[in-house]
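**Student:** Numbering-wise, this note's numbering comes out as the position in the sequence shown, counting from 1, plus 7. The structure is given below, and queries will be raised subsequently.
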Amino acid sequence: MKDRFEVIYKETHSAGLEKRIIYVDKETGVNYLYIQNGYSGGLTPLLDADGNLLITK
8 MKDRFEVIYK ETHSAGLEKR IIYVDKETGV NYLYIQNGYS GGLTPLLDAD
58 GNLLITK
């Protein structure tokens with residue numbers, strides 16, 4: 008199985024309890040932001056200044 012997502016940015020704080028990671032979908036180019044704080048977290052697509060999906064070519 009090939010890896011579909013690539014990590015392009017990673018930031019960790021507070022002994023690993025806070026994380027910010029940007030993933031790029033290799034098939035669509037869409038960028039996603041994942042944020043973790045303790046035992047909770049969330050994932051959302053990143054948008055450009057016009058509100059369109061941020062795409063890496």
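Beta carbons: idealized from backbone N, C-alpha and C, even for Gly. Bear in mind the structure is a predicted one, so any value in this text is a computation, not a measurement.
Specify whether the region 18-25 and the region 49-56 touch according to this definition: at least 3 beta carbon pairs, one from each stretch, less than 8 angstroms apart.
**Tutor:** Cβ pair count under 8 angstroms is below three, so no.
**Student:** My assumption, with CB atoms under 8 angstroms, is that residue 3 sits in contact with residue 37. Please give the rounded CB distance.
**Tutor:** Past the boundaries of the shown model lies residue 3; the chain is included only from 8 to 64, so the question cannot be answered.
**Student:** Suppose the cutoff is 8 angstroms on Cβ atoms and the five residues either side in sequence are ignored; what does the same chain contact list for residue 64 look like?
**Tutor:** Residue numbering aside, residue 64 sits at position 57 when the sequence shown is read from its first letter. Closer than 8 angstroms at the Cβ level, and outside the excluded window around residue 64, lie 36.
**Student:** Quick one: Cα of residue 61 to Cα of residue 55, how far?
**Tutor:** On the sequence shown, position 54 is the one that residue 61 refers to. On the sequence shown, position 48 is the one that residue 55 refers to. Approximately 5 angstroms between the Cα atoms of the pair.
**Student:** Do you know how far the Cα of residue 34 is from the Cα of residue 45?
**Tutor:** Residue 45 sits at position 38 when you count from the first residue of the sequence shown. Residue 34 sits at position 27 when you count from the first residue of the sequence shown. If you take the alpha carbons of residue 45 and residue 34, they lie about 30 angstroms apart.
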